[in-house]
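Here the UniProt record's numbering is used: the first residue of the sequence shown is 1, the next is one more, and so on. By construction, the Cβ of each residue, glycine as well, lies at the ideal position given by its N, Cα and C atoms. These numbers come from a predicted model, not from an experiment.
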Amino acid sequence: ANALGYAEDDYTSTVRGVTISYAPDVIDEMFGFQRADYCWASQQRFSVHTDEEYAEMLQTLALLGRDW
């Protein structure tokens, strides 16, 4: 494609003379996405088990010779 990027990483590109922003906040606003801290799946992932429980699961699942 005929696109011109900039040296600094400012998430913009110029295509056919039009400068387009690909910044995460611009894309989020365009599609109506919410910030990750409001994501139900993220909240569930971090609140379901304690660090100790995750460590125990890892030890159980990562046993040498375990055939899944």
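Check: By how many angstroms is the C-alpha of Ile-27 removed from the C-alpha of Val-48?
Finding: 30 Å
At the level of alpha carbons, what is the spacing between residue 91 and Trp-40? The question about residue 91 has no answer, for the chain in this structure spans 1 to 68.
| task | On a CA-only basis, which of Arg-35, Met-57, Thr-19 and Ala-23 is nearest Asp-9? Give me that one, please. | result | It is Ala-23 whose Cα lies nearest to the Cα of Asp-9.
- request: Measure the C-alpha to C-alpha separation of Leu-63 and Arg-35 and round it to an integer number of angstroms.
  value: 37 Å
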